[in-house]
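**Q** Please read through the structure below; I'll follow up with questions.
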Amino acid sequence: MRMPDPLVARLWEPLWDLKERSVRLQTYRRLRRRQFDPPETLRQRRVRRLRRLLDHALATSPFHRERLRAAGIEPAGVNDVADLAGLPLLTKADVRDHLDAILSTAYRREDLVEAKTGGSTGTALRVYCDRTGVQRRQGAALLADSWSGWRLGQPVAAVWGNPPRPRSLRNRLRAWLKDRWIYLDTMHLDRPAVERFVAEWRRLRPGLLYGHAHSLFLLAEMVADMGAELRPSGIVATSMMLLEPERRVIERVFACPVTNRYGCEEVSLIACECERHRGLHVNAEHAYVEVLRDDGTPCAPGEDGRIVVTELVNFGMPMIRYAVGDRGVWSPEPCPCGRPWPLLARVTGRTADFLRALDGSRVAGISLIENTLTRFPGVAQMQIVQREPARILVRLVPGDGWEEGVQERLSDVFREALGREMGVEFALVDAIPREPNGKYRFSICELDGEVADRDA
Ligand SMILES: [Zn+2]
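Residue numbers for the sequence shown follow numbering that gives the first Met the number 0, beginning at 0 and rising by one.
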C-alpha cells in the first residue's frame, strides 16, 4: 500500500533527513522562506557567502590560492562577483589538468561525492562536492521543483537516459520504502516501454514529470498517439534545448506548463523558471552568474555572452568563475513574480555548438532550428552539424505535409544566416541521433579553432 502524499511530506521526508543528518529539507524550507526577501538583504547574504568561499579557497585550495594572490584579491574587500574580474576563468581544461590542486585540503577525497560529466563536447570531467554541499544543492532543487507546481511528498516520474540503479543496500532500501519514483529510460523510448510507463503512472499518479526536454517531447507525442491522459502538477525540463515548438506540444498533451531549468554536473542548478515563466532565475542563494563578452567585460541585458558561474555551497571543490561552456542572455525586464533573483532571458546554447558563419560570426543553431521548425510544417525535427567551415549537414525528420521543395526553401534560410556560399546538405532520417548520455543536441559545431577550443 502506498503512503499518502502529505504523510510522506510531513513524516517520511523529515525522518529520512534526520537519519541521514541531512540539511536538504532545512535548506529547502529556508530558501522557500527567503525567496521574496528584499534585494539588499539578498545582496548582503550573497556577499557574505562569497567572502566565506574565497577565504576557504585561499586557505585550502592550492590552485585558487595561487590565482587569488596573483590577482591581488582580498576576500574582505570583495563586494560583488564583479570584483573578481581580475581572476582568470576556471576552464574545463583547468578542472581536467589541475583537479588535485583545486580540491580543498580540508576534506579527504573519500568523504567527497564524485560526479562525472557526460563529456559530449570532449573529454569527460570528474568533479567533486562535499556532502553538505550536495544536500544544499538538493534543497535548492526541491525549491525549483516546487516552482513547477509540484508539492513535496508527491511522487515523481523521470524521463532519463541510464536511470540510476540503486547502488548501495541503503539506496535500495530507500527506493523500496519510498516507492515514489518511476522511470522511463530514454534509451528505450518505444511503444511497449511507454505503455509500461503509463500503467505505472496510473498506479503512482506522479505530481512531477521530469526529464530532458526533447525526451519529454517524444514522450508527449507517443502519449497523445495512445490517447492516454497523464496529468502532472508540474513538468520540469532540464538541459537547455527546450525548443519552443516542442514546449508547446508538451504543454498541450499534459495540460500543464513546462518549467525550464538549467544546470550542469559541475555546479548543479544554475537557473530555473518560476511559475511566471518569464525567463530563468539564477539560483541566487547558491551561485553567482556572470554573462561575459569575449573580452571578459560583462554583457548588457539582451546581449549574448559566455555564462560563468561561482558556486557558493561547494567547499570540497571550490568552483570560482567556472566557464560552463554555454552562452546566455540577461533579461532586460525583471520577472513579475517579485523575486529579486537575477533573471536570464534564455540560455542560447553551448559555446562549442554555435555554428560559424562564413564571415566568422557565431550563430545560435538552436535559434535557427526554432525559427524554421515553426515555419515549415513538413519538418518534424532537425539537427544541424557543421564539420567544415563552408558546409553544414542538416539531419531532418520529415513530418506531416512534407514535400520535396522544403529542402530548397530551408537552404535559403540557412544561407541567409550563415552566408550565401554555405553548402547545405540534407539527410532524411527517422529520428535525431542521441548522445551516449541520453541527451539530444540539435546544433553541433565540430570545427577546429577558436570557437570550440575556448572552453576546452
Ligand atoms: Zn519569477
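We put the CB at the ideal spot given by N, CA and C, even for glycine.
1) Pair every Cβ in the segment 343-351 with every Cβ in the segment 361-368, then say whether three or more of these pairs are closer than 8 Å.
2) In whole angstroms, give me the CA-to-CA distance for W159 and V378.
3) Excluding sequence positions up to five away, which residues of its chain have a Cβ less than 6 Å from the Cβ of W180?
4) Less than 9 Å between the beta carbons of M240 and K91, yes or no?
5) Would Q380 and L354 be called neighbours here (beta carbons separated by less than 9 Å)?
6) Quick check on the DSSP output: what are the complete beta strand (DSSP E) runs of length 3 or more inside the segment 302-380, in order along the chain?
7) Check each candidate in Q34, S442, S232 and T373 and name the one with the smallest Cα separation from R394.
8) Do you know how far the Cα of E310 is from the Cα of L446?
9) Could you name the residues of the same chain whose beta carbon sits closer than 6 Å to that of Y287, not counting the 5 residues immediately before and after it, in chain order?
10) Say whether the segment 280-296 touches the segment 247-259, bearing in mind that this needs 3 or more beta-carbon pairs closer than 8 Å, one atom from each stretch.
11) Is the beta carbon of E245 less than 9 Å from the beta carbon of L207?
12) Are G304 and L291 closer than 9 Å when you measure CB to CB?
13) Buried or exposed for D144, please, with buried defined as at least 16 other CB atoms from any protein chain shown within 10 angstroms of its CB.
14) Leaving aside the five residues before and after Y27 along the sequence, list all residues of the same chain whose C-beta is less than 7 Å from its C-beta, in chain order.
15) Return the first residue and the last residue of the alpha helix (DSSP H) that D144 is part of.
16) Output needed for C273: all residues of its chain with C-beta closer than 7 Å, excluding positions within five of it in sequence on either side, in chain order.
17) With 16 other CB atoms within 10 Å as the buried threshold, where does P231 fall?
18) Only counting the same chain, and skipping five residues up and downstream in sequence, which positions put a Cβ closer than 8 Å to that of V428?
19) Cβ-heavy atom distance between E284 and ligand 1 below 8 Å?
20) Are there any heavy atoms of ligand 1 lying less than 8 Å away from the beta-carbon of L342, as far as the coordinates show?
21) For E220, which three-state DSSP category applies?
22) May I ask you to report which of helix, strand or coil DSSP gives R125?
23) Report, in whole angstroms, the separation of the C-beta atoms of L217 and L188, which I expect to be a contact under 8 Å.
24) Mind checking if R292 is an interface residue toward chain B, Cβ cutoff 9 Å exclusive?
25) Where does A254 fall in DSSP's three states?
26) Please tell me whether, using a cut-off of 8 Å, the distance from the CB of P300 to the nearest non-hydrogen atom of ligand 1 is below it.
27) State the Cα-Cα distance for the pair R95 and L88, rounded to the nearest angstrom.
28) Roughly how far, in whole angstroms, is the beta-carbon of V323 from the beta-carbon of C263, given that I think they are within contact range, below 8 Å?
29) When you compare the CB positions of G148 and T237, do they come within less than 9 Å of one another, or not?
30) Bridge partners for R48 per DSSP, in chain order?
31) Is DSSP giving Y209 helix, strand or coil here?
32) Locate the beta strand (DSSP E) running through L183, then write down its first and last residues.
33) Note down, in chain order, each residue of its chain lying with its Cβ closer than 7 Å to the Cβ of Y127, except the 5 sequence neighbours on either side.
34) Is S442 helix, strand or coil when you go by DSSP?
35) Would DSSP call Y27 helix, strand or coil?
**A** According to the structure data:
1) Of all C-beta pairs linking the segment 343-351 to the segment 361-368, three or more are shorter than 8 Å, placing the two stretches in contact.
2) Residue 159 sits at position 160 when you count from the first residue of the sequence shown. Residue 378 sits at position 379 when you count from the first residue of the sequence shown. One C-alpha to the other measures close to 25 Å.
3) Translated into positions along the sequence shown, residue 180 becomes position 181. In its chain, beyond the 5 residues on either side, V155 have a beta carbon closer than 6 Å to the beta carbon of W180.
4) As a first step, residue 240 must be located in the sequence shown, where it is residue number 241. As a first step, residue 91 must be located in the sequence shown, where it is residue number 92. With respect to K91, M240 sits apart: the two C-beta atoms are not nearer than 9 Å.
5) Position 381 of the sequence shown, counted from the start, is the residue given in the question as residue 380. Position 355 of the sequence shown, counted from the start, is the residue given in the question as residue 354. It is not a contact, given that the beta carbons lie outside the stated cut-off.
6) As far as the segment 302-380 is concerned, its whole beta strand (DSSP E) runs of at least 3 residues are 303-310, 321-329 and 342-349.
7) Taking the first residue of the sequence shown as 1, we reach residue 394 at position 395. Of the listed residues, the one whose Cα sits closest to R394 is S442.
8) Sequence index remark: in the sequence shown, residue 446 carries index 447 (1-based). Sequence index remark: in the sequence shown, residue 310 carries index 311 (1-based). When rounded, the distance between both Cα atoms is 31 Å.
9) Along the sequence shown, read from residue 1 onward, the residue named residue 287 stands at position 288. For Y287, same chain residues with a beta-carbon under 6 Å away, outside a window of 5 residues either side, are V80 and T309 in chain order.
10) No, they do not touch.
11) Along the sequence shown, read from residue 1 onward, the residue named residue 245 stands at position 246. Along the sequence shown, read from residue 1 onward, the residue named residue 207 stands at position 208. Not in contact: E245 and L207 (Cβ atoms no closer than 9 Å).
12) Locating residue 304 in the sequence shown gives position 305, where the first residue counts as 1. Locating residue 291 in the sequence shown gives position 292, where the first residue counts as 1. Going by C-beta atoms, G304 is nearer than 9 Å to L291.
13) Numbered from its first residue, the sequence shown carries residue 144 at position 145. When all chains shown are included, D144 counts as buried.
14) Along the sequence shown, read from residue 1 onward, the residue named residue 27 stands at position 28. Correct list, in chain order: G138, L141 and L142.
15) If you number the sequence shown from 1, residue 144 lands on position 145. Run containing D144: R130 to W146, per the alpha helix (DSSP H) assignment.
16) What you label residue 273 is simply residue 274 of the sequence shown in a count that begins at 1. Cβ within range, chain order: W146, H280, C334, C336 and R338.
17) Your numbering for residue 231 matches position 232 in the sequence shown. Taking a 10 Å sphere around the C-beta of P231, we find 16 or more other C-beta atoms and assign the residue as buried.
18) Taking the first residue of the sequence shown as position 1, residue 428 is located at position 429. In chain order, R394, L395 and V396 place their CB closer than 8 Å to the CB of V428, counting only its own chain and leaving out the 5 sequence neighbours on each side.
19) Here residue 284 refers to the residue found at position 285 when the sequence shown is read from its first residue. No - ligand 1 has no heavy atom lying nearer than 8 Å to the Cβ of E284.
20) Sequence index remark: in the sequence shown, residue 342 carries index 343 (1-based). It does: the Cβ of L342 is within 8 Å (strictly closer) of some heavy atom of ligand 1.
21) Taking the first residue of the sequence shown as 1, we reach residue 220 at position 221. DSSP places E220 within a helical segment (H, G or I) once states are collapsed to three.
22) Walking along the sequence shown from the start, residue 125 turns up at place 126. Secondary structure at R125: strand, using DSSP grouped into helix, strand and coil.
23) Numbered from 1 along the sequence shown, position 218 holds the residue referred to as residue 217. Numbered from 1 along the sequence shown, position 189 holds the residue referred to as residue 188. Contact holds; Cβ gap of about 6 Å.
24) Here there is only one protein chain, and chain B is not present.
25) In the sequence shown, residue 254 corresponds to position 255, counting from 1. Of the three classes helix, strand and coil, the one that applies to A254 here is coil, per DSSP.
26) To locate residue 300, count along the sequence shown from 1; it is residue 301. P300: no, Cβ never under 8 Å from ligand 1.
27) Counting from one through the sequence shown, the residue named residue 95 turns up at place 96. Counting from one through the sequence shown, the residue named residue 88 turns up at place 89. About 14 Å.
28) Taking the sequence shown and counting its residues from 1, one reaches residue 323 at position 324. Taking the sequence shown and counting its residues from 1, one reaches residue 263 at position 264. About 6 Å separates the two Cβ atoms, so the contact holds.
29) The residue labelled residue 148 in the question sits at position 149 within the sequence shown. The residue labelled residue 237 in the question sits at position 238 within the sequence shown. Remark: C-beta atoms of G148 and T237 do not approach each other more closely than 9 Å.
30) Here residue 48 refers to the residue found at position 49 of the sequence shown. Under DSSP, R48 takes part in no beta bridge, so it has no partner.
31) As a working note, residue 209 is residue 210 in the sequence shown. In the structure shown, Y209 sits in a strand (DSSP, three-state: E or B).
32) Along the sequence shown, read from residue 1 onward, the residue named residue 183 stands at position 184. Residues W180 to D184.
33) Taking the sequence shown and counting its residues from 1, the one referred to as residue 127 is at position 128. Excluding the 5 residues flanking it on each side, Y127 has same chain C-beta neighbours closer than 7 Å at L102, L111, V112, E113, G315 and M316, in chain order.
34) Taking the sequence shown and counting its residues from 1, the one referred to as residue 442 is at position 443. Looking at S442 - three-state DSSP - the assignment turns out to be strand.
35) Residue mapping note: residue 27 aligns to position 28 of the sequence shown, counting from 1. Y27 falls in the helix class under three-state DSSP.
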